[in-house]
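Under UniProt numbering, residues 1 to 369 are what the sequence shown spells out, in order. Beta carbons: idealized from backbone N, C-alpha and C, even for Gly.
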Amino acid sequence: MLDRRLMMKPVSGSFSGYHPMATVSEQPVAKPRASESPQSESIEERPACLAPVAGAGQPLPGASSSLSAYLLLRRLDHRPVSQEGINALTPADEAVVEARNALPFGRGNVGVDAQKTDLESSIRTRSVMRLTRDAEAAGHTPMRGVDADMNWNVLVAMSGRIFGAGNCREHARIASFAYGGLAQESGRSSEEKIHLATKAGVDHVWVETDHPDADSSPMVIDPWANGSAILAEDSRFAKDRSAVTRTDTFDLSLAAEAGQIAKATAEEALAHTQGRLQQRLASERPDAVPLESGRYREEVSVLDDTFARRVGQKVNTADPRGMLNVELEAVGVAMSLGGEGVKPLTQEASQIVEKAKKFASPGGMPRDA
Numbered sequence: 001m002l003d004r005r006l007m008m009k010p011v012s013g014s015f016s017g018y019h020p021m022a023t024v025s026e027q028p029v030a031k032p033r034a035s036e037s038p039q040s041e042s043i044e045e046r047p048a049c050l051a052p053v054a055g056a057g058q059p060l061p062g063a064s065s066s067l068s069a070y071l072l073l074r075r076l077d078h079r080p081v082s083q084e085g086i087n088a089l090t091p092a093d094e095a096v097v098e099a100r101n102a103l104p105f106g107r108g109n110v111g112v113d114a115q116k117t118d119l120e121s122s123i124r125t126r127s128v129m130r131l132t133r134d135a136e137a138a139g140h141t142p143m144r145g146v147d148a149d150m151n152w153n154v155l156v157a158m159s160g161r162i163f164g165a166g167n168c169r170e171h172a173r174i175a176s177f178a179y180g181g182l183a184q185e186s187g188r189s190s191e192e193k194i195h196l197a198t199k200a201g202v203d204h205v206w207v208e209t210d211h212p213d214a215d216s217s218p219m220v221i222d223p224w225a226n227g228s229a230i231l232a233e234d235s236r237f238a239k240d241r242s243a244v245t246r247t248d249t250f251d252l253s254l255a256a257e258a259g260q261i262a263k264a265t266a267e268e269a270l271a272h273t274q275g276r277l278q279q280r281l282a283s284e285r286p287d288a289v290p291l292e293s294g295r296y297r298e299e300v301s302v303l304d305d306t307f308a309r310r311v312g313q314k315v316n317t318a319d320p321r322g323m324l325n326v327e328l329e330a331v332g333v334a335m336s337l338g339g340e341g342v343k344p345l346t347q348e349a350s351q352i353v354e355k356a357k358k359f360a361s362p363g364g365m366p367r368d369a
């Protein structure tokens, strides 16, 4: 169900003055938002956020990049991504990985994540939404000098980081802010814009950017869906450009600053209000949505089904000549990503092929693959 956000005038204040455990009855209720419902420095080298609020469930395994698999599938489709395009996609894919690792309990509305975390993904996402709503209603504005919509975006990212789970809206905000910093580190033009995007008739949000080196297609950053950063022409949600609407736009510096503020504010809350946050999380457990409720979504691939089927046949071929071609193309991908040396390239190529087979499968590359 789509929701609509209350437009509020920014009110100055720090997080330390806001009490996350304040109840909704103690605060004015904000109207929901009309949007969506429930190689530079590597991700491992970037400063890590504090672990989300401790709870009963176990997080999903850490996410890793599957960009090489996408690049192989493009080669097999006789549409190889240029080196400039690869360089542009690299920080975009790092943003995908960073967003997933910032939300280690996964997607609150996807059945496989709820099953793997013993419903923790759903419980935490309910806590995220409640905290976002309460923080907004309390007039919490972590980012100065911006409008209410931008502060709401920061609150969404902050709340997701605090509880470590979320739906597409949390994944998209964290990824868009992460990309701002990563793109700056990669020397991208300050003129580049980051957009949140939706599709008519589809309850989903993702991130796009029109990078001039991305082979004339917008880049799609969608950490909620399975897979890597890709080009819009191959995207399940973004391929039909006539149906896509861009709802929010940030420049790189604004996105990077928003990401730093969301992360720092989340860390302050985790450091100083852990007890209240745990109480908030515990209060959501009795209302956990059971797996058999029919309210969870199936996980989906970031890839357009037609493209996935077409390349899936090629990467899974049993024909010896076809298999050799797949392996040779995988070596080419490894080289384009900086690999060298016969033995390392051969080993890397084998791993890329296996990833590509999963990437082209109906559900896409699983997060924990």
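Ranked by Cα distance from Met219, the options Val96, Met150, Arg124 are led by Val96. Within the stretch 66–112, no complete beta strand (DSSP E) segment of 3 residues or longer occurs. Rounded to the nearest angstrom, the gap between the Cα atoms of Val53 and Ala271 is 10 Å. When DSSP reads this structure, Leu196 sits in a beta bridge with Val207, Asp248. Here DSSP, grouped into helix, strand and coil, assigns Met129 to helix.
Around the beta-carbon of Lys355, 16 or more other beta-carbon atoms lie within 10 Å, marking it buried. With at least 16 other beta carbons inside 10 angstroms of its own, Asp234 counts as buried. A straight line joining the alpha-carbon of Ser253 with that of Ala157 spans about 16 Å. The beta carbon of Asn325 sits closer than 6 Å to none of the beta carbons in its chain outside the five residues before and after it. Separation of Phe359 and Gly139 (C-alpha to C-alpha, rounded to the nearest whole angstrom) is 43 Å. Excluding residues up to 5 positions away in sequence, nothing lies with its Cβ nearer than 6 Å to the Cβ of Pro344 in the same chain. By the criterion of a C-beta distance shorter than 7 Å, Gly62 is surrounded in its chain by Asn101, once the five residues flanking it on both sides are discounted. If you draw a 10 Å sphere on the C-beta of Ser68, you find 16 or more other C-beta atoms in it, and that means buried. In the assembly as shown, Thr209 is a buried residue. Its beta-carbon has 16 or more other beta-carbons within 10 Å. Annotation: Glu268 to Gly275 spans about 13 Å, alpha carbon to alpha carbon.
For Val156, the enclosing alpha helix (DSSP H) has its first and last residue at 148–163. Taking a 10 Å sphere around the C-beta of Thr306, we find fewer than 16 other C-beta atoms and assign the residue as exposed.
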